[in-house]
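Everything below concerns the one structure shown next.
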Amino acid sequence: MSLQRCVEPPVETVWIRMYCLTIRPDFTWMTSTEIQIPFGLLHRLADSHERFLLIDLTLFYLYILKALNSYRSSSQTMHFFNQAFNYDHPWSHVVIGMWHKYPNPKCSHVISIDVLDRSVDPKTGMIRTERVLGCKQKAPTWILKLFGGSEDAFVREISFIDPKTQNAIITSENLSLSQVVTCFEQIRYSPSSESPQRTVFSQTAEIQARMGLWRSAADGLEKWLVQRFEQNAQLGKTAFTDVLGRLWEERQLQSASLSS
1 MSLQRCVEPP VETVWIRMYC LTIRPDFTWM TSTEIQIPFG LLHRLADSHE RFLLIDLTLF
61 YLYILKALNS YRSSSQTMHF FNQAFNYDHP WSHVVIGMWH KYPNPKCSHV ISIDVLDRSV
121 DPKTGMIRTE RVLGCKQKAP TWILKLFGGS EDAFVREISF IDPKTQNAII TSENLSLSQV
181 VTCFEQIRYS PSSESPQRTV FSQTAEIQAR MGLWRSAADG LEKWLVQRFE QNAQLGKTAF
241 TDVLGRLWEE RQLQSASLSS
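Going by UniProt numbering, the sequence shown opens with residue 1, and the numbers climb by one from there.
Written out as structure tokens, the structure reads:
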């Protein structure tokens, strides 16, 4: 393909004539990888062809960067989910209950748990645990067809329990479909300032589809994930409340048997 100096028509035509690709004005179909590759080719082609003026190359490069930055700022959105409430149990009791939450019939979407690593800092006493949770989600058919994957999803979870400050922080991030969407969740358990017999639970989640997706499809995927978070959060609250209640009853029975 021969390169010619382009002044008119506009610089988009340079791309089309050189690479035989169609560029939409809003750049909705482009990814950052597809943007970077042609730039290197452009420089090599410019070095080997005297008629392709450097100013044309520079203007084209700046035009693409400006359009891409404008698209990024207008198209990238993020969906959030958050909630906070109290458990009527002391922090130490809640932390023990964390490890008894699954398997649970009220959280049937969690089908497997594998502990990858657990360590205790000898200086601080902080406990770090890394797990992989296997979940089965009834994803809409259009999501599976468009983005691939299956209803089986895996999540990486890392928790830190600090007995000195009485804080437990659990972070999790999706492993499945991570090239399409990122779901970052953080949970914190801390003693209530109102009563030592209560524990504050706070949960936040950030969900964002990758830039290369069509905006309408990305919005649909993000909204569905937020809905799943809301549903699973409610199930998790009910299930964990039952677990804590059962553990408390067992503790009461043990105390009664020891005192009698």
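Ideal Cβ placement from N, Cα and C applies to all residues, glycine included. Since the model is a prediction, treat every value here as computed from it, not as a measurement.
query                                                                                                        : result
Under the three-state DSSP convention, the category Val110 falls into                                        : strand
Length of the line joining the Cα atoms of Ser178 and Ser255                                                 : 48 angstroms
Of the residues Asp219, Ile113, Trp91 and Val155, the one placed nearest Lys164, counting alpha carbons only : Trp91
In DSSP terms, what Phe201 is bridged to                                                                     : Phe85 and Tyr189
Exposed unless 16 or more other CB atoms sit within 10 angstroms - verdict on Gly236                         : buried
Exposure of Ala84, with buried meaning 16 or more beta-carbon neighbours within 10 Å                         : exposed
Buried/exposed call for Ser159, threshold 16 Cβ in 10 Å                                                      : buried
Beta-carbon spacing of Val132, Leu116 below 9 angstroms                                                      : yes
First through last residue of the alpha helix (DSSP H) which encompasses residue 265                         : The displayed coordinates of the chain run from 1 to 260. Any statement about residue 265 would go beyond what the structure contains.
Supposed close pair Leu253, Ile96 - CB separation, criterion 8 angstroms                                     : That belief does not hold up - the Cβ atoms of Leu253 and Ile96 are roughly 16 angstroms apart, past 8 angstroms.
Closest by C-alpha distance to Met98, when choosing among Asn82, Thr129 and Thr124                           : Thr129
Collapsed DSSP secondary structure at Gln166 in the structure displayed                                      : coil
Exposure label - Ser172; buried when at least 16 CB within 10 Å                                              : buried
Under the three-state DSSP convention, the category Arg246 falls into                                        : helix
Spatial distance of Pro122 from Trp224 (CA atoms)                                                            : 43 angstroms
As assigned by DSSP and simplified to three states, the class of Phe27                                       : Interpretation of Phe27 is limited by its pLDDT of 42, a score under 50 that renders its predicted location unreliable; the figure taken from the coordinates is listed afterwards. DSSP places Phe27 in coil when its eight states are reduced to three.
Cβ-based neighbour list, His109, same chain, cut-off 8 angstroms, excluding 5 preceding and 5 following      : Cys135, Lys136, Gln137, Asn232 and Leu235
As assigned by DSSP and simplified to three states, the class of Thr238                                      : helix
Distance CB(Val180)-CB(Phe147) smaller than 9 angstroms                                                      : yes
Those residues which DSSP pairs with Gln208 across a bridge                                                  : Thr182
Among Phe81, Thr238, Asp152 and Gly245, the one whose alpha carbon lies nearest that of Cys107               : Thr238
Assumed close pair Val243, His79 - CB separation to whole angstroms, cut-off 8 angstroms                     : No, Val243 and His79 are not in contact; Cβ-Cβ is about 29 angstroms, not under 8 angstroms.
Where the alpha helix (DSSP H) through Thr141 begins and ends                                                : Thr141 to Phe147
Beta-carbon proximity of Ile170 to Arg156, cut-off 9 angstroms                                               : no
Those residues which DSSP pairs with Ala153 across a bridge                                                  : Cys135
For Asp117, three-class secondary structure by DSSP                                                          : strand
Separation of Asn82 from Gln203, as counted between CA atoms                                                 : 5 angstroms
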